[in-house]
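**Student:** Protein chains in written order, with the numbering used here: chain P, 1 to 514; chain C, 515 to 624. Ideal placement from N, C-alpha and C gives every residue a C-beta, glycine not left out. Model, not experiment: these values are computed from the prediction.
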């Protein structure tokens with residue numbers, strides 16, 4: 001049974017960007033439908049604790065805490081959702097669709113989605129955007145009581161980003177996860193791997209993730225930040241204009257110091273070992289380019305390794321709607337192109353948050369307010385002058401927040417030395433079990449871009465649709481072919497945004513009325 | 515505390531979850547780090563990305579095959595099973611979850 005909902009503005013993603021966009025549009029009189037994969041609003045950054053009192057679980061201190069930020073170490077282990085965003089949950093103009101994901105989308109004038117009846121209810125052809133919805137976890141129709149279709153006159157894309165992982169021997173052993181996974185398990189569910197873990201990789205996520213784990217009683221053996229300390233310390237002086245951010249970082253450092261967690265700049269986990277789960281990790285000093293320093297590696301016993309190498313904007317939905325994107329310099333990633341009002345290259349489609357570039361929660365929220373108001377302006381709810389006036393203060397704050405994000409981005413450059421970490425048999429593609437050596441072999445045989453290598457090796461053809469191996473493949477192919485990252489292509493374009501079962505497609509196609 | 519817990523089974527073994535906890539979180543908290551093997555080499559898989567992107571954590575829950583353990587909340591009485599429908603059937607000696615046998619290997623903090 002197919003069901004449809006309509007909205008003035010469809011907002012996809014309920015992190016700070018999506019919540020802010022929904023609020024801004026709804027405050028200007030738009031009917032908003034807010035689609036999100038999570039059970040509660042907040043996204044990854046303001047992930048709410050599980051349970052009937054989710055998000056409000058009180059601090060109990062020490063080991064007995066699971067709520068985000070609500071521990072004896074207070075805000076040091078993570079930000080709490082601001083009250084100004086909590087208003088989204090009770091706003092009459094916002095209809096929230098939790099545990100829901102978009103698997104197909106069409107813009108006006110584009111060919112219809114496979115499950116869109118040509119003339120719904122015998123009426124005229126609908127104008128506007130059509131988003132096909134399904135249960136976020138992939139459960140069958142019985143579990144998905146929500147609508148199948150969302151029709152909207154404008155769309156705000158706030159789908160965030162996915163963590164960049166890089167392969168090393170043993171990176172697919174159970175117990176080796178992204179840092180974000182460790183944080184998600186802990187923040188929402190009070191569950192941890194352990195008792196002895198390493199947090200490794202590069203980027204501003206490592207310290208808060210490690211601090212949260214340490215505060216929860218996990219023995220964090222070390223935080224291995226691949227970027228060396230020298231240049232970072234010099235540029236950190238630029239952060240003096242952001243005292244609240246300096247305080248936040250100092251808070252993480254205090255928690256780590258209290259739990260005697262060493263922070264090691266210029267170090268990396270370059271291999272993991274174990275039979276059917278990780279038992280030992282090779283840690284090594286690395287050069288400025290992240291190449292292991294010969295003779296500087298040693299093995300230590302661990303129960304888990306949580307590794308993160310920055311983020312890649314989620315471009316599946318914007319690509320499907322035809323939005324142009326721009327490469328993020330020096331990174332195996334790209335971001336949605338946008339104008340000053342967060343409008344994309346497709347009229348009626350706006351983007352906010354990490355999809356426009358990795359900027360963090362503050363940038364995301366501020367962009368959300370602008371994008372939501374701009375969507376309302378697109379629908380004629382307010383004049384251009386009103387839009388300008390209403391968003392003037394937000395835009396000023398956004399400019400400052402973006403400057404901070406740019407500084408942070410510069411502190412953690414993405415290097416290519418990890419290309420030396422995998423062995424020939426290390427998996428490049430976890431889903432299709434494509435070995436690392438196959439990538440170089442394919443390039444040597446003449447496959448010169450990501451799509452060609454994917455076709456030859458099956459790297460990127462599995463369940464994750466290239467979400468994990470896409471950045472890896474992009475960087476590996478660029479290096480092997482001697483071409484710039486931005487010229488070898490990527491794996492963000494997908495015929496379906498998420499894997500769905502054939503019976504789901506069949507049911508959609510046979511539905512006679514919306 | 516005990517009445518706050520949600521009872522479910524994993525491969526017929528009784529387990530408990532916090533209300534609202536995902537299947538993946540409940541398994542990790544119970545010391546289980548893997549509940550599927552890959553179809554070619556029988557490599558064990560569990561939580562990797564934790565946010566629904568990587569599909570490593572596929573698991574069978576009741577009648578639903580191959581759902582992402584990191585996204586599906588545990589519901590009372592759920593029958594959770596090693597995911598055999600992701601193509602891992604027929605790999606000798608590799609089926610079945612990896613259990614640590616050491617309670618401290620994973621833990622519930624709340």
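Can the beta-carbon of residue 219 of chain P be found less than 8 Å from the beta-carbon of residue 196 of chain P?
**Tutor:** For residue 219 of chain P and residue 196 of chain P, yes; Cβs fall inside 8 Å.
**Student:** If you measure from the beta carbon of residue 552 of chain C to each beta carbon in chain P, is any gap under 8 Å?
**Tutor:** Cβ-Cβ to chain P under 8 Å: yes for residue 552 of chain C.
**Student:** From residue 279 of chain P to residue 596 of chain C, what does the alpha carbon distance come to, in whole angstroms?
**Tutor:** Their Cα atoms are separated by approximately 22 Å.
**Student:** So the beta strand (DSSP E) residue 295 of chain P belongs to, where does it begin and stop?
**Tutor:** Counting along the chain, the beta strand (DSSP E) containing residue 295 of chain P begins and ends at 292 to 301.
**Student:** Could you confirm whether any beta carbon from chain P is found closer than 8 Å to the beta carbon of residue 570 of chain C?
**Tutor:** Yes, because at least one Cβ of chain P sits closer than 8 Å to the Cβ of residue 570 of chain C.
**Student:** Could you give the distance in angstroms between the alpha-carbon of residue 163 of chain P and the alpha-carbon of residue 563 of chain C?
**Tutor:** Answer to the nearest angstrom: the Cα atoms are 8 Å apart.
**Student:** Relative to the C-alpha of residue 108 of chain P, which candidate in P:169, P:347, P:471 has its C-alpha closest?
**Tutor:** Selected option, being the one with the closest Cα: P:347.
**Student:** Tell me the rounded alpha-carbon separation between residue 296 of chain P and residue 270 of chain P.
**Tutor:** About 11 Å.
**Student:** Roughly how many whole angstroms lie between the Cα atoms of residue 473 of chain P and residue 223 of chain P?
**Tutor:** Cα to Cα, residue 473 of chain P sits roughly 26 Å from residue 223 of chain P.
**Student:** Take every Cβ of the segment 309 to 322 of chain P, pair it with every Cβ of the segment 488 to 496 of chain P, and state whether three or more of those distances are shorter than 8 Å.
**Tutor:** With a cut-off of 8 Å, the segment 488 to 496 of chain P and the segment 309 to 322 of chain P count as touching, because enough Cβ pairs lie within range.
**Student:** Got a sec: which bits of the segment 453 to 472 of chain P sit with their beta carbon under 9 Å from any beta carbon on chain C, in order along the chain?
**Tutor:** Flagged, chain order: 462, 463, 464, 465, 467, 468.
**Student:** Is there at least one Cβ from chain C nearer than 8 Å to residue 248 of chain P's Cβ?
**Tutor:** So no, residue 248 of chain P is outside the interface.
**Student:** Relative to the C-alpha of residue 424 of chain P, which candidate in P:432, P:416, P:418, P:436 has its C-alpha closest?
**Tutor:** Comparing Cα-Cα distances from residue 424 of chain P to each of P:432, P:416, P:418, P:436, the minimum goes to P:436.
**Student:** Alpha carbon to alpha carbon, how far is residue 117 of chain P from residue 152 of chain P?
**Tutor:** Here residue 117 of chain P scores only 48 on pLDDT, less than 50, and its place in the model should not be relied on; the value that follows carries that caveat. Straight-line Cα distance between these residues: approximately 16 Å.
**Student:** Using a Cβ-Cβ distance cut-off of 8 Å, determine whether residue 277 of chain P contacts chain C.
**Tutor:** Yes, its Cβ sits closer than 8 Å to a Cβ of chain C.
**Student:** According to DSSP, simplified to helix, strand and coil, what is residue 471 of chain P?
**Tutor:** Looking at residue 471 of chain P - three-state DSSP - the assignment turns out to be helix.
**Student:** Using a Cβ-Cβ distance cut-off of 8 Å, determine whether residue 562 of chain C contacts chain P.
**Tutor:** Closer than 8 Å to some Cβ of chain P, the Cβ of residue 562 of chain C qualifies, so yes.
**Student:** Sorted by chain position, which residues of the same chain lie with C-beta nearer than 7 Å to residue 402 of chain P's C-beta, five sequence neighbours on each side aside?
**Tutor:** Around residue 402 of chain P: 359, 363.
**Student:** Please state whether DSSP places residue 328 of chain P in a helix, a strand or coil.
**Tutor:** In this structure, residue 328 of chain P counts as coil in the three-state DSSP scheme.
**Student:** In chain P, which residues lie with their C-beta within 9 Å of the C-beta of residue 580 of chain C?
**Tutor:** Result: 138, 463, 499, 501.
**Student:** With DSSP collapsed to three states, give me the class of residue 183 of chain P.
**Tutor:** Correct three-state label for residue 183 of chain P: helix.
**Student:** Taking only runs of the beta strand (DSSP E) that begin and end inside the segment 423 to 475 of chain P, which ones reach a length of at least 3 residues, in chain order?
**Tutor:** 427 to 429, all fully within the segment 423 to 475 of chain P.
**Student:** Residues of chain P with CB closer than 8 Å to the CB of residue 542 of chain C, please, in chain order.
**Tutor:** Within chain P, the residues near residue 542 of chain C are 185, 191, 192, 193.
**Student:** In three-state terms, what does DSSP make of residue 45 of chain P?
**Tutor:** The answer is coil: DSSP assigns residue 45 of chain P none of H, G, I, E or B.
**Student:** Going by CA-CA distance only, name the one from P:449, P:13, P:198, P:175 that's closest to residue 277 of chain P.
**Tutor:** Comparing Cα positions, the closest option is P:175.
**Student:** Spell out whether any CB of chain P is found under 8 Å from the CB atom of residue 530 of chain C.
**Tutor:** Not an interface residue.
**Student:** On the three-state DSSP scale, how would you describe residue 99 of chain P?
**Tutor:** Three-state DSSP puts residue 99 of chain P in coil, outside helix and strand.
**Student:** In the DSSP assignment, what residue or residues form a beta bridge with residue 264 of chain P?
**Tutor:** Beta-bridge pairing links residue 264 of chain P to P:224.
**Student:** Roughly how many whole angstroms lie between the Cα atoms of residue 294 of chain P and residue 507 of chain P?
**Tutor:** So the alpha carbons of these two residues sit roughly 58 Å apart.
**Student:** Determine the closest residue to residue 372 of chain P out of P:131, P:47, P:158, with distance taken between C-alpha atoms.
**Tutor:** Ranking the options by Cα distance to residue 372 of chain P, first place goes to P:158.
**Student:** When the Cα of residue 343 of chain P is compared with those of P:478, P:375, P:335, which residue comes out closest?
**Tutor:** The shortest C-alpha separation from residue 343 of chain P is found at P:375.
**Student:** When DSSP labels each residue in this structure, what does residue 308 of chain P get in the three-state scheme?
**Tutor:** Residue 308 of chain P falls in the strand class under three-state DSSP.
**Student:** Here's the rule: buried if 16 or more other CB atoms are within 10 angstroms of the residue's CB, otherwise exposed. What is residue 462 of chain P?
**Tutor:** Burial call: buried.
**Student:** If you follow the alpha helix (DSSP H) that residue 244 of chain P is part of, which residue opens it and which one closes it?
**Tutor:** Taken as a continuous stretch (DSSP letters only), the alpha helix (DSSP H) holding residue 244 of chain P covers 243 to 258.
**Student:** Looking at C-alpha atoms only, which residue of P:7, P:11, P:20 is the closest neighbour of residue 365 of chain P?
**Tutor:** Checked all of P:7, P:11, P:20; the closest Cα to residue 365 of chain P is P:20.
**Student:** Taking residue 283 of chain P as part of the beta strand (DSSP E), name the residues at either end of that continuous run.
**Tutor:** Unbroken beta strand (DSSP E) run through residue 283 of chain P: 280 to 286.
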